[in-house]
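Comments concern the structure below.
Residue numbers (this note's numbering): 4 to 145.
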């Protein structure tokens, strides 16, 4: 059974960051100082559990009155292919609606663009590099 929730405790915070570190720093080679940035202090963080085991994480930041930006979406490697990315995205979207956001933006790693397109996001930029990884900006009206 998988469960997505907003991070509320230090334990949940530490577990969300451990998932991010494993995926982005260890697996993808993103430097830790780029992965953990000043935006973490004000973002709303999400964590996904399988039972009591953390398996996914993400964060959401308000960037404009009616818009928010989804960032740091990640699922542990051994949990991929189970539609967990779509599950965490749905929970983030539901939360964004509850705080009166009308548009969601994100910077997708280029290989993940088809995943986000299936969820209704549209590419809005040419490819650019972020932490040495090709990305494209995407957005969705909710």
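Ideal Cβ positions, reconstructed from N, Cα and C, are used throughout, including at glycine. Predicted model only: the values in this text are computed from it and were never measured.
Can you tell me which of the options puts its alpha carbon nearest to the alpha carbon of residue i?
i: residue 24; options: 41, 111, 117, 60; result: 60
i: residue 74; options: 5, 140, 144; result: 140
i: residue 12; options: 49, 89, 78, 125; result: 49
i: residue 115; options: 40, 54, 89; result: 89
Determine the burial state of residue i: buried for a count of at least 16 other Cβ atoms within 10 Å of its Cβ, exposed for fewer.
i: residue 4; result: exposed
i: residue 32; result: exposed
i: residue 111; result: buried
i: residue 35; result: exposed
i: residue 19; result: buried
So residue i packs on residue j, CB below 8 Å; how close in whole Å?
i: residue 47; j: residue 63; result: 5 Å
For a quick check, are the C-beta atoms of residue i and residue j less than 8 Å apart?
i: residue 22; j: residue 57; result: yes
i: residue 71; j: residue 107; result: yes
i: residue 94; j: residue 7; result: yes
i: residue 9; j: residue 51; result: no
i: residue 113; j: residue 96; result: no
i: residue 144; j: residue 105; result: yes
Next on the checklist: Could you check whether the segment 62-72 touches the segment 83-90, counting it as contact only if at least three pairs of C-beta atoms, one from each stretch, sit closer than 8 Å?
Outcome noted: In short, these stretches do not touch, since the Cβ pair count stays below three.
Next on the checklist: I'd like to know if the segment 99-106 and the segment 121-136 are in contact, where contact means that at least 3 CB-CB pairs between them fall below 8 Å.
Outcome noted: With a cut-off of 8 Å, the segment 121-136 and the segment 99-106 do not count as touching, because too few Cβ pairs lie within range.
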